[in-house]
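Q: In our numbering, the protein residues as written are 1 to 87.
Note that CB positions come from ideal geometry on N, CA and C, so glycine has one too.
One structure is given below, represented as structure tokens, and several questions about it will come after.
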Amino acid sequence: MVFFLGIIDLIAAWFLLTKGTPSIILIIFAVLLFSKALICLTDIGGWLDIGAGILLILKISIILPPLLILIIAGFLALKGVMSLFAR
């Protein structure tokens with residue numbers, strides 16, 4: 001299960017960094033990140049999922065600062081890689 005959640009983090013980080021992603025895909029991954037965050041809101045990972053989900057939704061309509069996107073996507077990707085190796 002943790003492996004699957006890590007894959008979601010990595011794909012969401014990729015979509016944060018890429019341009020031209022269809023809006024429906026961004027919304028789907030934002031909902032997935034919000035759902036993951038509801039599993040555990042007491043740690044920083046859950047709050048990072050909420051922040052990344054908000055950025056995915058905002059990315060549809062406005063241009064976000066590249067440094068902000070890079071930082072959040074980096075933390076999200078790091079969390080995803082750590083989830084892949086957690087056994």
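Among I39, F4, I27, G6, which residue has its Cα nearest to the Cα of G53?
A: Nearest C-alpha to G53: I27.
Q: Where does G20 land, buried or exposed, given buried means 16+ other C-beta within 10 angstroms?
A: G20 is exposed by the Cβ-count criterion.
Q: Under DSSP, the alpha helix (DSSP H) around A13 begins and ends at which residues?
A: Per DSSP, A13 belongs to the alpha helix (DSSP H) from 2 to 17.
Q: If you follow the alpha helix (DSSP H) that I62 is in, where does it begin and where does it stop?
A: Neither: I62 is in no alpha helix (DSSP H) and is coded neither H nor E.
Q: Which whole-angstrom value describes the C-beta separation of A13 and A73, a residue pair presumed to lie in contact below a C-beta threshold of 8 Å?
A: About 4 Å; that satisfies the 8 Å criterion.
Q: Do F75 and L32 count as a contact pair if the criterion is CB distance below 8 Å?
A: No, the pair does not count as a contact, with Cβ atoms beyond the cut-off.
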